[in-house]
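To start, the structure under review is shown below, and the notes come after it.
Right under this line is the structure:
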């Protein structure tokens, strides 16, 4: 098992939801974590709570990403782990009431979810590739991206979201192959129905109804379960180029 204890890690979208749980888990694993988020108040408060660093970063802006990476490296040294959790939702049909899908909404979803993951992964990978290896295999780092079961089972109204997450799935293997000679592994997690802040706002009966759609366990996933998968990926050196559905065997219906 690979040990990244003491190494630098970045978690995008780390102020809430899956990202927050992941940041806390990596801190518990002995990593020195920097949280990237656009929510400065929540990000700074949470970083202080778990013993992490906060950097206000817009993942869709390459210059903002560069500044955040610089801050993380200056504080903690070489980066060893990146987890991309930053993302947005949004729902719109291809045609609704005779009107086409708003191209600005589609473009924004792609820019944040797909381009944001690419911006962070490509820039952090370049820093990882320049670092010294940590073991006899030549390992230098691990990148974990976040897709969604919507990449495979997109529902009505999920056109933009599914496209953005499908792009993340599609870039997993070529990115892993690109970085293989540099000792950087790449995996993607595709979560199903998880108890994120968006779902937490739903009434209890609505949450139970959604959870009942999951074959087993018949409930919404916990953010700590996502974080546990991230932790395992970072430690298991043979996990590379893989997309892992973390979904309790759910396959989403059209609506």
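In the numbering used here, the protein residues as written are 964 to 1218. By construction, the Cβ of each residue, glycine as well, lies at the ideal position given by its N, Cα and C atoms.
#1: Between which two residues does the beta strand (DSSP E) containing residue 1135 stretch?
#2: Touching or not, the segment 1009-1019 and the segment 1159-1178, by the rule of three or more beta carbon pairs under 8 Å?
#3: Please return the same chain residues whose Cβ sits closer than 6 Å to the Cβ of residue 1106, not counting the five positions on each side in sequence.
#4: Please state whether the Cβ-Cβ distance between residue 1042 and residue 1090 is less than 8 Å.
#5: Does the ligand ADP have a heavy atom nearer than 7 Å to the CB of residue 984?
#6: Between which two residues does the beta strand (DSSP E) containing residue 1048 stretch?
#7: Rounded to a whole number of angstroms, what is the C-alpha to C-alpha distance between residue 1156 and residue 1172?
#8: Please work out which residues of its chain come closer than 6 Å, Cβ to Cβ, to residue 1040, disregarding the five sequence neighbours upstream and downstream, and give them in chain order.
#9: Could you check which residue in 1052, 1050, 1196 has the C-alpha nearest to that of residue 989?
#10: Hey, residue 1132 and residue 1113 are a contact pair by Cβ (cut 8 Å); roughly how many whole angstroms apart?
#11: Is residue 1033 helix, strand or coil by DSSP?
#12: According to DSSP, residue 1019 sits in a beta bridge with which residue or residues?
#13: For the beta strand (DSSP E) containing residue 971, list its first residue and its last residue.
#14: Given residue 1125, which residues of its chain have a CB within under 7 Å of its CB, disregarding the five upstream and five downstream residues?
#15: Can you tell which of 1211, 1121, 1182, 1059 has the C-alpha that lies nearest to the C-alpha of residue 1052?
#16: Where do the N-terminal and C-terminal ends of the beta strand (DSSP E) with residue 1147 fall, by residue?
#17: Determine the burial state of residue 999: buried for a count of at least 16 other Cβ atoms within 10 Å of its Cβ, exposed for fewer.
#18: Using CA coordinates, which residue listed in 1167, 1202, 1209 is at the minimum distance from residue 1180?
#19: Suppose the cutoff is 6 Å on Cβ atoms and the five residues either side in sequence are ignored; what does the same chain contact list for residue 1205 look like?
#20: Please report the distance separating the alpha-carbon of residue 1097 from that of residue 973.
#21: Are residue 1184 and residue 1202 close, meaning C-beta to C-beta below 8 Å?
#22: Out of 1035, 1057, 1109, state which residue places its alpha-carbon closest to the alpha-carbon of residue 995.
#23: Would DSSP call residue 985 helix, strand or coil?
#24: Is the beta carbon of residue 1028 sitting closer than 8 Å to the one on residue 1086?
#25: Please report the residue range of the beta strand (DSSP E) in which residue 1106 lies.
Per the coordinate set shown:
#1: That residue, residue 1135, is in no beta strand (DSSP E); its alpha helix (DSSP H) goes 1122-1142.
#2: no
#3: Taken in chain order, the residues that qualify are 1045, 1084, 1149.
#4: A contact, by the Cβ cut-off of 8 Å.
#5: Inclusion of the ligand ADP in the displayed structure is not the case, the ligand content being empty and no account of it being possible.
#6: Unbroken run through residue 1048: none, as it is neither H nor E.
#7: If you draw a straight line from the Cα of residue 1156 to the Cα of residue 1172, it is about 11 Å long.
#8: 971
#9: Residue 989 has its Cα closest to that of 1196, out of 1052, 1050, 1196.
#10: Contact doesn't hold; Cβ gap of about 10 Å is too wide.
#11: helix
#12: 1000
#13: 971-975
#14: 1113, 1114, 1117
#15: 1121
#16: 1147-1154
#17: buried
#18: 1209
#19: Excluding sequence neighbours, residue 1205 sits near 1150.
#20: Each residue's alpha carbon lies about 18 Å from the other.
#21: no
#22: 1035
#23: helix
#24: yes
#25: 1104-1109
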